[in-house]
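Visitor: Here it is, the structure in full.
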Amino acid sequence: MTDSIQLAESPAKRSTTTYIVEVKTSNVEGAGTDANVFLQMFDQYGLSGPILSLKKSTLHKNKFEQSFCDEFVFENQMKLGDISQVKIWHDNSGVMPAWHLAYVEVTDASTNLTYNFPCHKWLSTSLDGGLIVRMLPCVDRGYKRQSLAAHRLSTPFGLQYLTTEAGGKVMNVYLPTMEYVRDTAAACLQTEKTWLRDFLGEFLGTLFLVCIIDGAVAQLVLSKGTHSNFVQVCFACGMGITFGVYLSGNTSGGHINPAVTLVMVILGRTSWTMLPIYWLAQYLGGILGAAIVYFVYY
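Position in the sequence shown (from 1) plus 6 gives the number in our numbering.
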């Protein structure tokens, strides 16, 4: 009896499928990540699949860049039921690990059903609560997967799909869900907050840097009292650079230099639209820092 039961259960245990995972990085300044990203799926019964490493995107060699949509294919995976939530995280490695995730979509190739998991949050140790792990519930499930290009054009995430008949013709209607409206508004607000935060980060970082370095040089050259020596000036310059970069590093990336900002733009780590904003912040921070030193020593 036991042997027959085991034989009956064995095929179910060996049931496998191919999962296609689509990951969208937000179109938010600095949204891309250099960290290693991992994913785990859970079905409606609480069963979990293995931890999947999102290493090789079928669409981009350099994955998880700002506004990129990456696709990962996992074959011969244990088949779950309806996927109710996913856990996604990164290891906080690399030069710029902070990541703004728009959404995750998972397609079961055996049923051609797609499940959507919106996020629109940072996975960062310093932003959005300091979390690099997110549990994302499914808000839209069960629709048939189209080609990736057609799906992006016709079925934005979080839209309800309805089929109706009018005048003998079948019509496809897409209605925005409350989740879609909420997540879209959150993404817009996050973009505005990021713009202001980055500007202030560059401004304060540059201000701090200029005040310390110029102040150290002024102490050596202009001071009427105790003068600094060469070692003290070098130490102050090092401290100024360290604290300036640290102050702005958690917000704008810690450029605090027009040349560094230009290089980051050329390398694709910062958008061209932010270049004048960063340069203006650096210029104003430098002018104010120099003015403070001037009024202290003259």
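Even glycine gets a Cβ: it sits at the ideal position worked out from N, Cα and C.
For a test of the three-state rule: what should DSSP assign to D88, helix, strand or coil?
Guide: Note: D88 maps to coil in three-state DSSP.
Visitor: With H, G and I counted as helix, E and B as strand and the rest as coil, what does DSSP make of T117?
Guide: Looking at T117 - three-state DSSP - the assignment turns out to be coil, as it is neither helix nor strand.
Visitor: In this structure, how does DSSP classify P264 when only helix, strand and coil are distinguished?
Guide: P264 falls in the helix class under three-state DSSP.
Visitor: Look at the Cβ atom of V271, then the Cβ atom of L281, and state whether they are nearer than 8 Å.
Guide: Going by C-beta atoms, V271 is nearer than 8 Å to L281.
Visitor: In this structure, what does DSSP give as the bridge partners for Q46?
Guide: Paired residue(s): K93.
Visitor: Measure from the alpha carbon of N82 to the alpha carbon of each residue in D146, A115 and W105, then state which is nearest.
Guide: When each option's Cα is compared against that of N82, the closest is A115.
Visitor: Whose C-beta lies closer than 7 Å to the C-beta of I138 among residues of the same chain, with five residues either side of it excluded?
Guide: Hits under 7 Å: W95, H96, N98, L129, S130 and T131.
Visitor: Taking all protein chains shown into account, do 16 or more other C-beta atoms lie within 10 angstroms of the C-beta of P56, making it buried, or fewer, making it exposed?
Guide: With fewer than 16 Cβ atoms within 10 Å of its Cβ, P56 is classed as exposed.
Visitor: What would DSSP say about F78, mapped onto helix, strand or coil?
Guide: It is a strand residue.
Visitor: So does A41 have its beta carbon nearer than 7 Å to some heavy atom of the ligand HEM?
Guide: The ligand content of the structure shown is nil, which means the ligand HEM is not present either.
Visitor: According to DSSP, H106 sits in a beta bridge with which residue or residues?
Guide: Answer is W128, bridged to H106.
Visitor: Could you pull out every residue in the same chain whose Cβ sits closer than 6 Å to the Cβ of K62, ignoring the five residues on either side in sequence?
Guide: Same-chain partners within the cutoff: there are none.
Visitor: So for Q83, helix, strand or coil by DSSP?
Guide: In this structure, Q83 counts as strand in the three-state DSSP scheme.
Visitor: Under three-state DSSP, which class holds L210?
Guide: In the structure shown, L210 sits in a helix (DSSP, three-state: H, G or I).
Visitor: Does the distance from the CB of T39 to the CB of A104 come in under 8 Å?
Guide: Result yes, Cβ atoms of T39 and A104 sit closer than 8 Å.
Visitor: Since I283 and F205 are thought to touch, with beta carbons under 8 Å apart, how far apart are those beta carbons, to the nearest angstrom?
Guide: 6 Å between Cβ atoms; contact.
Visitor: Measure the C-alpha to C-alpha separation of D146 and I89 and round it to an integer number of angstroms.
Guide: If I take the Cα positions, the gap works out to 10 Å.
Visitor: Throw me the rounded Cβ distance for the G135 and T212 pair, which I believe falls under 8 Å.
Guide: Incorrect: roughly 28 Å between the Cβ atoms, too far for contact.
Visitor: How far does the beta strand (DSSP E) with Y315 in it extend, from its first residue to its last?
Guide: This structure leaves residue 315 out entirely; the chain is present only between 7 and 304.
Visitor: With DSSP collapsed to three states, give me the class of D40.
Guide: Three-state result, D40: coil.
Visitor: Identify the residues that DSSP records as bridge partners of I270: which are they?
Guide: Before going further, note that residue 270 is Met rather than Ile in the sequence given. M270 is not bridged to any residue.
Visitor: Among Y25, V34 and N68, which residue has its Cα nearest to the Cα of L45?
Guide: Of Y25, V34 and N68, the residue nearest in Cα terms is Y25.
Visitor: Grouping DSSP H, G and I as helix and E and B as strand, with all else coil, what is V299?
Guide: Reduced to three states, the DSSP call for V299 is helix.
Visitor: Does the beta-carbon distance from Q72 to N42 come in below 8 Å?
Guide: Taking 8 Å as the Cβ cut-off, Q72 and N42 do not qualify as a contacting pair.
Visitor: Under DSSP, the beta strand (DSSP E) around M141 begins and ends at which residues?
Guide: Note, M141: beta strand (DSSP E), V139 to P143.
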